[in-house]
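Numbering (the UniProt record's numbering), first residue to last: 1 to 158.
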């Protein structure tokens, strides 16, 4: 590859915002030559790495935007400690079918039973699936709706 082609390739990668490929390219081309990789294998690897990086960055953006107060995962929930919660129901909710069906879920119960943990964990599952999420607690939601009502924008807020 001559110097002009090399510079143009890097310039095009920057222009197209294929930053991961640009970062990996030089090193991976050396590895590919050493290991006799085909052009298709090289392209497949580089584009797969770019895709993974973009997906991870998108998840990180959605996680920040969601406003989760802490990170809670479904696999960390202790269903044995909280035996009143049906694990199969939560596993069904984790499929996010309710989102695709435009259905609501409401988690009710006294303090300390895991409502927030489950709400955050389900929200994180939605974020991973590419869905935008906004986390709030009931108190903040009601206060926000009261303010919107006073300002005459309740319908818009809802």
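C-beta: ideal position from N, C-alpha, C; glycine also.
Exposure of residue i, with buried meaning 16 or more beta-carbon neighbours within 10 Å
| i | result |
| --- | --- |
| residue 138 | exposed |
| residue 158 | exposed |
| residue 47 | exposed |
| residue 57 | exposed |
Inter-residue CB distance, residue i and residue j (contact presumed, cutoff 8 Å)
| i | j | result |
| --- | --- | --- |
| residue 23 | residue 10 | So it is not a contact: roughly 10 Å between Cβ atoms. |
| residue 85 | residue 67 | 24 Å between Cβ atoms; not a contact. |
| residue 41 | residue 20 | With a Cβ gap of about 17 Å, residue 41 and residue 20 do not count as contacting. |
Cα-Cα separation, residue i to residue j
| i | j | result |
| --- | --- | --- |
| residue 154 | residue 73 | 33 Å |
| residue 61 | residue 71 | 14 Å |
| residue 64 | residue 124 | 11 Å |
| residue 152 | residue 120 | 31 Å |
| residue 147 | residue 81 | 39 Å |
| residue 91 | residue 105 | 13 Å |
| residue 136 | residue 150 | 20 Å |
Proximity winner among the options, relative to residue i (alpha-carbon distances)
| i | options | result |
| --- | --- | --- |
| residue 164 | 152, 118, 112 | Coverage of the chain is limited to positions 1 through 158, which leaves residue 164 absent and any answer about it impossible. |
| residue 17 | 54, 112, 122, 44 | 54 |
| residue 159 | 33, 109, 133 | It is not possible to answer for residue 159, since the shown part of the chain is limited to 1 through 158. |
Sequence ranges, alpha helix (DSSP H) only - wholly within the UniProt domain "IstB-like ATP-binding" (13 to 157), length at least 4: Whole alpha helix (DSSP H) segments, 4+ residues: 19 to 34, 39 to 66, 87 to 93, 97 to 100, 115 to 128, 138 to 150, 154 to 157.
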